[in-house]
Ligand SMILES: Nc1ncnc2c1ncn2[C@@H]1O[C@H](COP(=O)(O)OP(=O)(O)OP(=O)(O)O)[C@@H](O)[C@H]1O
Ligand SMILES: Nc1ncnc2c1ncn2[C@@H]1O[C@H](COP(=O)(O)OP(=O)(O)O)[C@@H](O)[C@H]1O
Ligand code: SF4
Ligand SMILES: [Mg+2]
Ligand SMILES: [Mg+2]
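Protein chains in written order, with our numbering: chain A, 140 to 457; chain B, 9 to 307; chain C, 26 to 358.
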């Protein structure tokens, strides 16, 4: 791959709760190349959103325990909310999960946009023409700016949010479950808009978070799979889908029904059991309890190593 | 717009789960506003309960020399007529708590009944109840009260509570109706219907418990509101014709020019009493909001 | 156990028949605007059959499901279950009806009252339908029904909803339905909120129940899931059926342009969108500019679903029906 855009090393982030720290991210190390779209997949609660948020801003309960994040060879002060302000929106931006419902229902979209830009010290007038051009590009009429969020359909809102978040051409865009609440046709339109934005250079690299592997298969260059706060596997898209090495990825992929597959012909199976609690995660491989291949050595923690060019796996059997 | 302020969805999921109940207690005990407000209210409550036992006189008895400043015998002094201000104050506190509970309670009951029915039934029932609510909401309450009082020879705390209840339920009904609307569309209500559970039990068994914290806050607020409302009634001369209340003390002190005569001991205790109790209830309400709403919690 | 009683019923027995039902919501201020959510829909679900109802959001799937469950008034013609018109059922009769027809909804977390334990859904059934059954026997019944959905009682009883996973919660709801003698289950997007790893378990469970003779209306917007279990596929668009038939016909040879566009949007593993699109375009090449429905019924007087009256679907091949290609409500081709 070409130049590296994002480099995350040994990142550990915890949530403080009354019952103790939730170790939502543990020793996460990976890189995203310039121009790369990386899919981030995994079960609910495995830490995808946490990882996305860590690159931008830690909220009140999150604690940066260890590790570094570098964007374009510059280290991001992720533990320091005030200093991160300079990077947010210009350099990195996240489209949060539930972004659609987070829109203020009492403000017209144009007004929100203006306030948002001005809070970043950008005059609305300077980007107005560009904004209109991009609205056209995603098939939204200019008058959406005069409408309230509730007047837009789910897909329209999502596209609006996408235009907004890329208006200042950030280097890295994190899109957290942007398609999950949509039906298939809208889902496809939104996903293709993401790719289109990258191709046009509105964003350089993207991390697309989703629990739907078949969706990132359509648009991502590489896929990273997380399990219980740790990285399980990262590889180019085709490799993850056709020849995954980690047992978790294998089970995950084989549990997906495809068009044409029928229960009567081929009974698929899920993954029995459930992920461990992140309050007190077990030592060793966190997938051990559910892993069909587990053996003695798995009580030690498997390192996340490169087994082939661009293919990283954390498993003793890989 | 709030989009850039990065993800707000996660925390809300923590809300309303039962584990959160213990958590609510944890935060309740650490919430200065709640604990402070509660302490003030409890202090006055204790005073209202034990106070009358500390004094031998009734609140309206003419017991001693008139216009006495506070002394060891008459702790809060006496009125122009030689009534014991301390006795009036502690009996007045009792009346205040009574009117708060009865008035607030009645308001809550009417408001809940109308709100739940309108919110759950919807349709025509909702429209009718909504219309009634709006009518009561825009009634010129004071004018109506004047008319009522002109017809009422005997006014007691209970009558006062009734008046308060009849006129202040609309906003409660509105708030509960809105909450019921949103809860009614939750799937567990449909599931209860599919289990053959009758409507009344769905409202009180499924919907109302989900609003428990909210209803509790409403009641706290209503209590404060009723106390204030009663004081206003007393002050404009619509207080109880028998017995005593804090508002009536204020009314009397003004009527007999206590301020001009420098008898500050006559109006300061009831003034402080009302302000402190009502203030404490409102502060408790803010505190409770912080306890029940995880987004407002400071960690 | 409840499900065993289903096994004895004859195979292709008609279980639920939906005949030309419609639903119009009044929206806007003072209910001034009409929103037709379901229009003239007819289909049937037989015992031992899974019918998938597929359509994008807002196409009226939930509304149809709710009509069958009587959570929503039935307008238009009728819905009959075992030959009886259900639209007039009130209290007593409705309660008896729920003995044989039950539903499971999309969001497992909102299907449970968050402040009570999850097994309250069982005790509710006991209070209403099995008040006379003694506690020990009830426990056995619940355990048997949990076993049928492959849950162990120790694992799930006495817990609050937030302590259970989405898959477990959905399976408990199915177990709840099995406590009654149900003949028909309406499953409204029951797996869309679940992780892939638990999704398939719930799907397999539906397939097993079907084998025991249960009729299932499986509502989904995901075509690949609909295809995996179903015996019949109904594609709904803006409240109207546009295509209906055996899944391999509908998916293998989609005739209606809308079905095709849905199929090209499904994210599939191993096949990218462009490829699917090209394949389907090739398959439908002979259909451009045509309308099978109006070729068959030039005057638009074809039969409606079950009876002949107003036009909706034409039989394009054996067990494969399609509506007018323009059918999205107003205009015809
Ligand atoms: N505010 C919070 N306080 C405490 N724990 C939290 C908080 N937010 C998330 N967690 C915990 O951190 C872990 C990772 O959560 P995260 O939201 O990153 O998951 P996710 O992979 O994005 O899941 P989903 O697919 O459901 O969005 C989970 O165990 C979750 O319970
Ligand atoms: N209670 C309601 N009041 C008004 N409109 C409704 C109501 N429920 C659903 N609708 C509308 O009816 C249409 C069909 O909705 P629904 O049956 O929920 O579709 P689906 O389940 O296929 O997404 C949508 O346009 C929706 O907005
Ligand atoms: S390390 Fe062991 S337990 Fe973990 S995934 Fe590999 S084989 Fe399974
Ligand atoms: Mg998330
Ligand atoms: Mg629906």
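Cβ coordinates follow ideal geometry from the N, Cα and C atoms, glycine included.
Just so it is clear, the structure is predicted and the values come from calculations on it, not from any experiment.
356, 357: these are the residues of the region 356-375 of chain A whose beta carbon lies less than 7 Å from some beta carbon of chain C, given in chain order. Beta bridge pairing from DSSP links residue 301 of chain A with no other residue. With a minimum length of 3 residues, the unbroken runs of beta strand (DSSP E) contained wholly in the region 211-259 of chain C fall at 240-245. For the C-beta of residue 407 of chain A, the chain C residues within less than 9 Å are, from N- to C-terminus, 225, 228, 229, 253.
Distance from the CA atom of residue 166 of chain B to the CA atom of residue 134 of chain B, rounded to whole angstroms, is 30 Å. The beta-bridge partner set that DSSP reports for residue 366 of chain A consists of A/369.
Relative to ligand 3, residue 451 of chain A has its C-beta separated by 8 Å or more from all heavy atoms. Here residue 252 of chain B carries a coil assignment [DSSP, helix/strand/coil].
If you check the CB distance, residue 304 of chain A and residue 232 of chain A come in under 9 Å. Unbroken alpha helix (DSSP H) runs of no fewer than 4 residues, entirely contained in the region 52-93 of chain C, are found at 86-93, following chain order. With 5 Å as the limit between CB and the heavy atoms of ligand 3, the residues that fall short of it are A/386, A/424, A/426, A/427, A/430, A/432, A/433, A/437, A/441, A/454, A/455, A/456.
In terms of side-chain proximity, the C-beta atom of residue 268 of chain C is found no nearer than 8 Å to any non-hydrogen atom of ligand 5.
Here the alpha carbon of residue 241 of chain C sits roughly 14 Å from the alpha carbon of residue 89 of chain C. Listed by position along the chain, the residues with Cβ atoms less than 7 Å from a non-hydrogen atom of ligand 4 are A/187, A/188, A/236, A/315, A/316, A/348. A residue is called buried once 16 or more other Cβ atoms fall within 10 Å of its Cβ, and residue 204 of chain B is buried on that count. Following the DSSP letters along the chain, one finds residue 338 of chain A inside the alpha helix (DSSP H) bounded by residues 323-338.
For ligand 5, a non-hydrogen atom lies closer than 8 Å to the CB of residue 86 of chain C. Residues of the same chain with a CB within less than 7 Å of the CB of residue 174 of chain C, apart from the 5 flanking positions on each side, are 196, 199, 200, 230 in chain order. If you draw a straight line from the Cα of residue 357 of chain A to the Cα of residue 199 of chain B, it comes to about 38 Å.
Between residue 457 of chain A and chain C, the shortest Cβ-Cβ separation is not below 9 Å. Exclusion of residue 217 of chain A from the 8 Å shell around ligand 5 follows from its C-beta lying no nearer than that to any non-hydrogen atom of the ligand.
Out of C/296, C/317, C/245, C/279, the CA that lies nearest to the CA of residue 350 of chain C is found in C/317.
In this structure residue 307 of chain C is exposed. Its beta-carbon is surrounded by fewer than 16 other beta-carbon atoms within 10 angstroms. Within chain A, the residues placing a beta-carbon under 7 Å from that of residue 297 of chain C are 357, ordered along the chain. About 19 Å separates the Cβ atoms of residue 131 of chain C and residue 207 of chain C, ruling out a contact at the 8 Å cut-off.
Using a Cβ-Cβ cut-off of 9 Å, residue 381 of chain A counts as an interface residue toward chain C, since at least one Cβ of chain C sits closer than that to its own. Not one heavy atom of ligand 5 lies closer than 8 Å to the C-beta of residue 109 of chain B.
Less than 9 Å separates the beta-carbon of residue 253 of chain C from that of residue 401 of chain A.
By the Cβ criterion, the region 180-199 of chain A is in contact with the region 362-375 of chain A, since at least three pairs of Cβ atoms, one from each stretch, lie closer than 8 Å. Taking a C-beta cut-off of 8 Å against chain C, the contacting residues of the region 187-205 of chain B are 194, 195, 196, 198, 199, 200, 201, 202, 203, 204, 205, listed in chain order. A contact between stretches requires three or more CB pairs, one per stretch, nearer than 8 Å, and the region 259-274 of chain C fails this requirement with the region 90-101 of chain C. Not flagged as an interface residue toward chain B: residue 190 of chain C, since no C-beta distance is shorter than 9 Å. With a cutoff of 9 Å on beta-carbon distance, residue 345 of chain A and residue 176 of chain A are scored as near each other. The beta carbon of residue 218 of chain B falls within 9 Å of a beta carbon belonging to chain C, placing the residue at that interface. Among the CB atoms of chain A, none fall inside 9 Å of the CB of residue 136 of chain C. For the C-beta of residue 249 of chain C, the chain A residues within less than 9 Å are, from N- to C-terminus, 353, 395, 396, 397, 398, 399, 400.
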